[in-house]
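Student: Sharing a structure below in structure tokens format, with a few things to ask.
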Amino acid sequence: MRQPSAANQERLGRIAEAFRAAYAAGDYRSGANLAAEALTLTPGNMTILPDYALCLMRINAFDQAYKVYMSIHDAPASQRKLLAASTWLDGLVEVCGWLGKTDEMREYGLRSLRASDTQCGANPSESIPDQAPPAFNPQNPAENVIAYSLFGANPRYCEPAVLNAELTRDLFKGWTCRIYLDATVPAHVQQRLKDAGADVVFMGPESGVHPLMWRFLVIDDPKVKRFLLRDADALLSEREAAAVQEWIKSPYYFHVLRDYFTHTELILAGLWGGCGGVLKNAVQSMQQFAATNADSGRFIDQHYLRTNVWPTLRKSVLTHDDLFGFHDAKPFPPHAPNRWNTEKFHVGSNTSYQAIGGVSSLADGAAQKLVFSAADGKPLFDYDAVVRNGEWRLDVPFFIVQKLAAKEIVVNKAAS
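Numbering (this note's numbering), first residue to last: 731 to 1146.
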């Protein structure tokens, strides 16, 4: 590939800086335009093409994104080695999913998972016990824990967490919902979690464990025989419960779920489980990983699992996965109809893909307090929304949007 001139190199530097700012702000349209401009200066650049394709996909330009991803796929291997990251293959899987290219999605997804396994599967690991996993005892829910991390005052995470605590009693009888949280979680959320029967574990800044990984602390709890790790913004469901039931009756020590075309990680941080006593010194290994992998950012939990947990887990795991069939995966078992009757729902799906908003007389950057009340006017909970250009906006889970539409609850601005 011919090197750009000095003038073009300087221009590329400015474009790259603008691209990083646009991408960080979620302005994928500007990101796509900037990447396209950069490619006119350095055609076929393998560090720019994946960014271009990803931005196109995020603005729903799926056909164009597919063509860009396939240009990477079809390039000589010597050129693909110049890529800044290998995540382009996961992007190709995702865009195939959006376009309904099921066979290609499965092929490329399986290839991505196998490549990750080749890279990490031989890392240091623990041995699997010779005896069978501990029998599941529903009479002692304290030894069966569904663990979550929760931090911040965002309803997109707080409200599903509360609902999951309530759902555990119904869908996961014999399990305890445990929430690892800190002081950034509103007091009303903490109290509602406790009222719903959750085991609330308060985390201080001295733990040395990244907040996304707090939930993994359950691994080292000697009183816990079986654990499930879940995302706070994903709701429990009948489909998931049936899969977990099949796992606890199986001879496997670990469980992994994949249920969507973006599920191409070896272990999704919120869709796995295991038996206590197999993974050793989890707290220490997480502290060490967090101290040396700060650049992993919001993917630090995924990266930790890939490198530190997968090598052990892969030796004794039941995987439920109808999509990719990786590592002897089984299809999800039959189950009762999911109560979340939305086309966007899958196991592990994000509940907050909608937002509510309105006008505000407060200054830009101010916090507009919003009070959510029952139809009879009884206050239920409140959240703050940041004001931008005279308007407030708040990401909320779909079940809150549905209740607002049905007038089961109402939202009002608090009096100044």
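Cβ atoms here follow ideal geometry from the backbone N, Cα and C, with glycine treated the same way. Since the structure is predicted, the reported quantities are computational estimates derived from the model, not experimental observations.
Take residue 975 as the anchor and find which of 958, 962, 989, 965 has the nearest alpha-carbon.
Tutor: Nearest option by C-alpha distance: 958.
Student: Which first and last residues belong to the beta strand (DSSP E) in which residue 844 is found?
Tutor: From DSSP, residue 844 is part of no beta strand (DSSP E) but of the alpha helix (DSSP H) over 832-850.
Student: So residue 1028 is in the alpha helix (DSSP H); what residue range does that whole segment cover?
Tutor: First-last for residue 1028: undefined, no H or E at that position.
Student: Run the CB neighbour count on residue 967, radius 10 Å, all protein chains shown included, and call it buried at 16 or more, exposed below.
Tutor: Result: buried.
Student: Under 8 Å by Cβ, that's how I've got residue 759 and residue 789 pegged, so tell me the actual separation to the nearest angstrom.
Tutor: Contact holds; Cβ gap of about 5 Å.
Student: Out of curiosity, what's the CA-to-CA distance linking residue 827 and residue 881?
Tutor: Spanning the two alpha carbons is a distance of roughly 31 Å.
Student: What is the residue span of the beta strand (DSSP E) that residue 890 lies within?
Tutor: That residue, residue 890, is in no beta strand (DSSP E); its alpha helix (DSSP H) goes 885-901.
Student: Between residue 941 and residue 909, what straight-line distance do the alpha-carbon atoms span, to the nearest angstrom?
Tutor: Whole-angstrom Cα-Cα distance: 12 Å.
Student: For residue 911, name the three-state secondary structure that DSSP assigns.
Tutor: Correct three-state label for residue 911: strand.
Student: Starting from the Cα of residue 1046, find the closest Cα among 1109, 982, 989, 1007 and give me that residue.
Tutor: Checking every option, the nearest Cα to that of residue 1046 belongs to 982.
Student: Quick one: what's residue 1100 bridged to in DSSP?
Tutor: Partner(s): 1113, 1143.
Student: Name the one or two DSSP bridge partners that residue 1085 has.
Tutor: BP columns for residue 1085 point to 1125.
Student: Pick helix, strand or coil for residue 857, following the three-state DSSP scheme.
Tutor: The answer is coil: DSSP assigns residue 857 none of H, G, I, E or B.
Student: Going by Cα to Cα distance, which pick from 757, 799, 741, 764 is closest to residue 776?
Tutor: Checking every option, the nearest Cα to that of residue 776 belongs to 799.
Student: Enumerate in chain order the residues of its own chain whose CB-to-CB distance from residue 793 is below 8 Å, with the five nearest sequence positions on each side excluded.
Tutor: Excluding residues within five positions, the ones whose Cβ falls inside 8 Å are 829.
Student: In chain order, what are the residue ranges of uninterrupted alpha helix (DSSP H) at least 4 long that sit wholly in the stretch 758-838?
Tutor: Whole alpha helix (DSSP H) segments, 4+ residues: 758-771, 779-788, 792-803, 807-810, 818-828.
Student: Is the separation between the beta-carbon of residue 1062 and that of residue 969 shorter than 8 Å?
Tutor: A contact, by the Cβ cut-off of 8 Å.
Student: Suppose contacts are defined by Cβ-Cβ distances below 8 Å. Is residue 997 in contact with residue 944 by that definition?
Tutor: It is not a contact, given that the beta carbons lie outside the stated cut-off.
Student: Pull up the distance between the alpha-carbon of residue 924 and that of residue 1118, whole angstroms please.
Tutor: So the two alpha carbons sit approximately 34 Å from each other.
Student: Contact criterion: CB-CB distance below 8 Å. Does residue 1128 meet it with respect to chain B?
Tutor: Structure shown: chain B not included; a single protein chain is present.
Student: Beta-carbon separation of residue 948 and residue 1013 under 8 Å?
Tutor: No; because the gap between Cβ atoms is not below 8 Å, this pair is not in contact.
Student: Is the distance from the Cβ of residue 1085 to the Cβ of residue 1125 below 8 Å?
Tutor: It is a contact, given that the beta carbons lie within the stated cut-off.
Student: For my contact list, residue 954 and residue 859 are in at a C-beta cut-off of 8 Å; report their separation, rounded to the angstrom.
Tutor: In fact, because the Cβ distance is near 16 Å, the residues do not count as touching under 8 Å.
Student: Can you check whether the CB of residue 931 is closer than 8 Å to the CB of residue 892?
Tutor: No, the pair does not count as a contact, with Cβ atoms beyond the cut-off.
Student: What are the boundary residues of the beta strand (DSSP E) that includes residue 932?
Tutor: Here the beta strand (DSSP E) through residue 932 covers 929-932.
Student: Nearest by alpha-carbon distance to residue 1130: which of 1067, 951, 1033, 888 is it?
Tutor: Ranking 1067, 951, 1033, 888 by Cα distance to residue 1130 puts 888 first.
Student: Classify residue 915 as buried or exposed, calling it buried when 16 or more other Cβ atoms lie within 10 Å of its own Cβ.
Tutor: Classification of residue 915: buried, given that the 10 Å Cβ count is 16 or more.
Student: Excluding the five sequence neighbours on either side, which residues of its own chain have a C-beta within less than 6 Å of the C-beta of residue 781, listed in chain order?
Tutor: Excluding positions up to five away in sequence, the list reads 765.
Student: Using the three-state DSSP reduction, which class does residue 982 fall into: helix, strand or coil?
Tutor: Three-state result, residue 982: coil.
Student: I'd like the list of long-range same chain contacts for residue 963, defined as Cβ closer than 7 Å, with 5 residues on each side in sequence excluded.
Tutor: Cβ within range, chain order: 886, 887, 890, 1080, 1081, 1082.
Student: Let's test the definition: count the other Cβ atoms within 10 Å of the Cβ of residue 808 and tell me whether it reaches 16, buried, or not, exposed.
Tutor: Exposed, by the Cβ-count rule.
Student: Expressed to the nearest angstrom, what Euclidean distance is found between the alpha-carbon atoms of residue 1002 and residue 936?
Tutor: In a straight line, the C-alpha of residue 1002 is about 27 Å away from that of residue 936.
Student: In the DSSP assignment, what residue or residues form a beta bridge with residue 1002?
Tutor: DSSP lists 959, 986 as partners of residue 1002.
Student: Check whether the Cβ atoms of residue 1036 and residue 846 sit closer than 8 Å, and answer yes or no.
Tutor: Their beta carbons are under 8 Å apart, which means residue 1036 touches residue 846 by this criterion.
Student: Cα separation between residue 783 and residue 768?
Tutor: C-alpha separation (whole angstroms): 13 Å.
Student: Contact between the stretch 1070-1079 and the stretch 984-997: three or more CB pairs below 8 Å?
Tutor: Output reads yes: the stretch 984-997 touches the stretch 1070-1079.
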